[in-house]
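Colleague:
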Amino acid sequence: MASEERPEQFIASGIGSTAVKYNFGLIQHHTHLPFLPTGEVAAHDGLIRLSEPRNQVFVGRERELARLRDVLRPEDGRTAVVIHGMGGVGKTALALEYAYRYREDHNPILRLPADSPVGMTAALAAFADDLNHLLEPSGLSPDQRATWAKNWLQGHGGWLLILDNAERPADVDALLGSLVGGRILITTRQATGWHARCGTLALDELPEDAAVEFLERLVVDGGERARFRELAGELGCLPLALEQAAAYLNQTRTDPSGYLALLRDPAAEALAIGPRRDEHERTVARVWQHSLRAAQDENPYATYVLRVLSWFAPDQVPRSLLGRLREDRSAPSGRAARRLWGWTLPYARRRWAQRAGWVKERGRTAHRELTGPEIDRALGVLHAYSLIRLDRESVKVHRLVQAVARTPDPAHGRSVRAARQEAVELLLGAVLDIPDGTGGWAREREMVPHLEALLRLTGPADDRVDTAALLVRLADYSSRWSRPQEGALVLGYLERADAALRRNIVWGGSHPARTALSSNYTEALIYAGELERAVDRLEHEGRRRGPRGRGLTGPSLIRLARCYMELGRPEQAVPLLKRELAAVMSGGGDVRRTVGVRGRLAAAYQAAGWPEHAVAMFERNLFDAEAALGGQDADTCDARENLADAYAASQDPLRAVELYRQSLARREALFGPRHPSVFACRTGLALAYEEAGEPGRAAEVLDHGIAEAGSLFDETLIVPAMRSHRARVAVGAGQPEQALALHEESLGDWITALGDRHPDVLHLKKAFVVALMAAGEEERAVPFLEEGLALAEDVFGGSHAETTAFRQLLGRALLAAGDTRRAVPLLERALLELESAAGVRPAPVLVARVDRASAYRESGDLERAVSLLEGTLYDAEAHCGRRDGVTVAARTALARTYAAAGDTRRAVSLLTTAAADAERFLGPGEPLVRRIPRYLAELAGAGRPGEGSQAGPAPAIPDQYEGQGEARAEPGAQP
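As numbered in our numbering, residues 2 to 976 make up the sequence shown, in order.
1) Taking just the CA atoms, how far does E531 sit from W153?
2) Output yes or no for whether 8 Å exceeds the beta carbon distance between R641 and Y648.
3) Under 8 Å, with one C-beta from each stretch per pair, do the stretch 775-791 and the stretch 589-602 reach the 3-pair mark?
4) Exposed or buried, what is M121 when buried is set at 16 or more other beta-carbons lying within 10 Å of its beta-carbon?
5) Am I right that A891 and V851 are in contact with their C-beta atoms under 8 Å? What's the rounded C-beta distance?
6) Have a look at R667 and L748 and give me their C-alpha separation to the nearest angstrom.
7) In chain order, what residues of the same chain lie with their CB nearer than 6 Å to the CB of I163, ignoring the 5 residues before and after it?
8) Could you tell me if V58 is buried or exposed, where buried requires 16 or more neighbouring beta carbons within 10 angstroms of its beta carbon?
9) Tell me where the beta strand (DSSP E) around R184 begins and ends.
10) Would the stretch 217-236 count as touching the stretch 245-257 if we require 3 or more Cβ pairs under 8 Å?
11) Over what stretch of residues does the beta strand (DSSP E) that includes S179 continue unbroken?
12) Determine the extent of the alpha helix (DSSP H) in which G819 is found, giving its start and end residues.
13) Could you pull the start and end residues of the alpha helix (DSSP H) that V867 belongs to?
14) Looking only at its chain, what residues have a beta carbon closer than 6 Å to the beta carbon of T888, apart from the 5 residues adjacent to it on each side?
15) Determine the direct distance from the alpha carbon of H85 to that of Y260, and round the result to whole angstroms.
16) For S557, which of V536, F128, E567, T468 has the nearest alpha-carbon?
17) From what residue to what residue does the alpha helix (DSSP H) around N643 run?
18) Could you round the C-beta distance between A314 and P450 to whole angstroms and report it? I think they count as a contact, below 8 Å.
19) Please report the Cβ distance between A919 and L929, rounded to the nearest whole angstrom; I am assuming they are in contact, meaning their Cβ atoms lie under 8 Å.
20) Contact between the stretch 580-589 and the stretch 819-833 is defined here as three or more beta-carbon pairs at a separation below 8 Å; is this criterion met?
21) Are the CB atoms of P208 and V90 nearer to each other than 8 Å?
22) What is the residue span of the beta strand (DSSP E) that H85 lies within?
23) Which same chain residues, not among the five before or five after T253, have their C-beta less than 7 Å away from its C-beta?
24) Enumerated in chain order, which unbroken segments of the alpha helix (DSSP H) with a length of 4 residues or greater are wholly contained in the stretch 556-619?
25) Just the C-alpha distance for L602 and D165, rounded to the nearest angstrom, thanks.
26) If you follow the beta strand (DSSP E) that S395 is in, where does it begin and where does it stop?
27) Identify which residue in V181, A772, I376, P843 has its Cα closest to the Cα of E927.
28) As a quick exercise: from A699, D625, A628, pick the residue whose alpha carbon is nearest that of Y661.
29) Residues in the same chain with beta-carbon distance under 8 Å from L911, minus the five sequence neighbours each way, listed in chain order, please.
30) How far does the alpha helix (DSSP H) with D256 in it extend, from its first residue to its last?
31) Determine which residues share a DSSP beta bridge with R327 and list them.
32) Secondary structure at I163, three-state DSSP: helix, strand or coil?
33) Could you check whether S416 and P319 sit closer than 8 Å to each other, using their CB atoms as the reference points?
34) Can you tell me which of V309, S678, V181, F807 puts its alpha carbon nearest to the alpha carbon of R407?
35) Going by the DSSP bridge assignment, what does P1 pair with across the sheet?
36) L236 lies in the alpha helix (DSSP H); which residues open and close that run?
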């Protein structure tokens, strides 16, 4: 998000909205993974990807190598070993030497950067390309090829995997749990938390003799062995410090004696170290400070460039990020005197000097941008001193080098602060250059770790206006690139930005920066599921701007309507959206904005129980979009899919199928087959097929999507949402076991992502217990429903439609389990709530009446049951028609009640009619299709008419009618 309000994008987002599509908050920035047969691909002999050649001066670790060799023997049963120790002690070098020395025992051999998800993805993608050279030319993204590589490792054995620089056990748990066919070496500075997972090897400094040999082999000009021994002792025999010292000696052509003198100079030590955690870091700091001085002597910009780099993430710093690097502003500029002198000139002469380029205009810095060759030369010197690693595209800086470069000291305190400010401005310029929309996805992901690193290293007390802008942008990226459970993190970024702006700007409530940040914060609250807090903020803003909330306009009013929709209060959203639509149309707003607001209003009408109004508005939207926008863009696809959803909800699924097929073809032409919006459109098509009575085609579409997506969308809930839809199709197709397995897997993902109190999770729990009850496991469903009802009352309130649905389902499950005493009051209350709710269609009320009458029958109150069911059947035929599942259920319940009362003739007549209607009009998965013949058989074989009917559950009702005025789509389906 920028620090000012973005152009209006009236795209619906929310579970209850039919105008959601691919902008729903849970659907984010992803591509599409096709399935490839990894089992048919074999690794060629000697496949090694270690990113570094073998160390020709490796010394002193024979004991540790033998220990690794012993622990990783196949007969030992261990599949992983952790090498832990202080930074710079040589953990990675040991792992690489093991890989090269015993390469005959393993194939392939692969090294992955465990501290960098981006780097790990790139390494796995390159490994996949080695195994199958057709992957990259086929157009698969690095994420897709990386997933293919992990699947290959799961299906093969004999490989060796090095997970380098893991920060904590949780970073590699997923790989350790899924890859068991080979051997894994993990390097980390974290010494604890590993013992329950794998073997461990603690690595200390080199033995003194090995350290001396190491120096002798590294230093080109050589020297006295005694001096090398003295130097090794001074450096604590730490391999990284020895390597840095050797690089200094080779670059400066000095001898060890002179370098020892530098290390032992008290003034130099006081200048270089500052507070450190332990002696290792003090040693490395002393070595690197001397290397920094030498680099600075060789190139005037070297240390400044390194200080700027120290504020970014250590890996994969794009060289392009340094393209606008300016001179060190802590040092006097060569132009400063001329600039100051320029302000003393008379106005006419000063303007002439500015036009001539002699002085800069007021407010512009006097420090120039470094040229590309100057930056390249500085990077080259740093690389020569082993202070950075460099390739054509990126820079890598060791964390300890960054820590040393960031440490302020009496001589360079201002320079460190100036470098931090330059890093802020470089990142700000980079993120502002990222285009909106799909074209900027890759660049956004590239910037996120560097934004996080800078803001983590900077205390809130140092935040300025530019830092606040970065915080806002990072919150925007995180809301798209992270999972929704990180909503609190997004809110934290925005709260910190707000505090920074309050400290640095004198502003009022109407200041543009305050308005923009407030809008961003409200969006973050909605993203995090804090809907009531968002409503309170928006209603307060409306009262501040005008009486009765009428001061809200534009984006703020749309956000309030969205919150009302999410909270199940569409009747409150309708007047707000009507007002906004009138304002947009009277102001001559563009077509896209009009279509967006009208689409939201149509969705609100549909949720409030006015489908005719909704269909008419969606039809007008599609007509306007096709006429004004050409019918080929994404907004027109949205309008087409919104209308398709409205048709499906209005019992016209065939038209919905046709519209979805048109939209899918257009989206694939616009974005390709792997765009998230294409996945969403496919899901909508599957649901339309289901409504059209073609569950086989619906299942085929969803199975195809789930298989192709694989783990590509692990960061989001796209795949769990498709799995939830597939479970619903399985219920309708009479496959309860498959439905339960899909629901359980999907529900676990949703709870992990959102927690068990999120509205979407509660809705999925309800779908899960519906599947349980369809499978005849009512007793198992009872504890789930009791928990769900308690959570729904807490989250939604006691009379909310979702709470009523849980109460109704719990009553039905208790009735099936024989607990009539508890079931009757629950079903009575559910019926009262539905009858008193505004905008509820007849069908849900009729379902509740069937449930209540069934409870009366099971409790022995047959007279009340018969009276209620006779009226219910009459109303169902009048309002829903004979073909509807509610009518079939009412007829079945009345027949069973007649049987219980001893009127077998009427019971058999009604059940015979109900059986014929169910077989003809209902899907094969409807429980009534299976149960009605059983009820008839019970009547035919019972010793006393109706005896068998007492114990059976109430007639199963299609789940779209349970406790709601509308069928609610599964969450996440329409981003």
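Glycine is no exception: its CB is placed at the ideal position from the N, C-alpha and C atoms.
These numbers come from a predicted model, not from an experiment.
Modeller: Here's the rundown:
1) 41 Å
2) no
3) no
4) buried
5) 5 Å
6) 32 Å
7) A96, R112, L186
8) exposed
9) 184-189
10) yes
11) Element bounds for S179: not the beta strand (DSSP E) but the alpha helix (DSSP H), 174-179.
12) Per DSSP, G819 belongs to no alpha helix (DSSP H) and is neither H nor E.
13) 863-880
14) A877, E878, C881
15) 30 Å
16) V536
17) 635-650
18) 4 Å
19) 5 Å
20) no
21) no
22) 81-85
23) A295
24) 571-587, 592-608
25) 53 Å
26) 395-397
27) A772
28) A699
29) R892, T893, L895, A896, Y899
30) Run containing D256: none; DSSP gives neither H nor E here.
31) E370
32) strand
33) no
34) V309
35) Any answer about residue 1 is impossible in this case: the structure gives the chain only from 2 up to 976.
36) Note, L236: premise wrong, no alpha helix (DSSP H); not H, not E.
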